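To start, the structure under review is shown below, and the notes come after it.
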Amino acid sequence: MNHPPPGCGPSWPPTLQSARARNVWFSESGRPPLPGSRTVCGYALQWGVPSAVRPGFDEVFYEGALAWPADLPLCRNHDRTRPLVSLGPSFRLRATDRGIWAEVDTDMIPDGDDLLLAARHGPLRAWSISFKASEERWDRTGDRPLRTVTAARLLEVSIVDRGAHHTTIGILSRMKQAA
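Residues in the sequence shown are numbered consecutively from 170, following the working numbering.
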């Protein structure tokens, strides 16, 4: 379920550090981007990948488990008192067979310059979600309990310094693709 996009090699997904080392910001397609993008993007969550989100248990989401409202906010480090933007032309989410893909055009939001700089050069290194589960299962037969979320509603998406799900680490800058 964690397959690279077409054209990507075995080192997918690229880490933020590897992208910085090459001074290349990958797009979702995995092809090198053209300079000039002000769009920050990445997976806010990947389906079917267990993560140690709490000290006492792991968590995994079924494909398609998340729904969200039309006015879902994007926040910085889960600070809901100062949302950056809500879903619309400058903040987009879509469910793929891999997870929830998020994109934000930083040139269209207040504090966009600060967000872009923090995403490209730290300290913001990952995506994170807040949600309310409506259906879940627990498996306590292994070494660590596993919470499987089968239905939930997103409350907000954040760009954060530390993401709870290890598959969301790495903020990418999406640029127009070379032909």
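Note that beta-carbon positions come from the ideal geometry of N, C-alpha and C, so glycine has one too. Since we're looking at a predicted model, the values are computed, not measured.
Residue i, enclosing beta strand (DSSP E) - first and last residue
| i | result |
| --- | --- |
| G211 | T208 to Q215 |
| L243 | P242 to R245 |
| L262 | F260 to A264 |
Beta-bridge pairing of residue i - partner residues as DSSP gives them
| i | result |
| --- | --- |
| D227 | L315 |
| V329 | A295 |
| W270 | Y212 and R263 |
| V254 | L243 |
| A236 | R322 |
Cβ-based burial, residue i [other Cβ within 10 Å; buried from 16]
| i | result |
| --- | --- |
| V268 | It should be pointed out that residue 268 corresponds to Gly in this sequence rather than to Val. Counting Cβ neighbours within 10 Å, G268 comes out buried, since at least 16 surround it. |
| L285 | buried |
| P292 | exposed |
| D280 | exposed |
| P224 | exposed |
| D266 | exposed |
| L242 | With the sequence shown as reference, residue 242 is identified as Pro, and Leu is not the correct amino acid for it. It is buried - the Cβ of P242 has at least 16 other Cβ atoms within 10 Å. |
| T310 | exposed |
| D274 | buried |
| G233 | exposed |
| S342 | Unreliable placement is indicated for S342, whose pLDDT of 45 sits below 50; no coordinate value is reported for it. |
| R313 | exposed |
| G211 | buried |
| R294 | buried |
| A236 | exposed |
| A221 | exposed |
| A271 | buried |
| A239 | exposed |
| I328 | buried |
- Three CB pairs or more closer than 8 Å across the stretch 240-249 and the stretch 300-312: no
- Item | Complete runs of the beta strand (DSSP E) confined to the stretch 273-326 [at least 3 residues] | 295-308
- Message: Contact between the stretch 302-321 and the stretch 248-265 is defined here as three or more beta-carbon pairs at a separation below 8 Å; is this criterion met?
- Response: no
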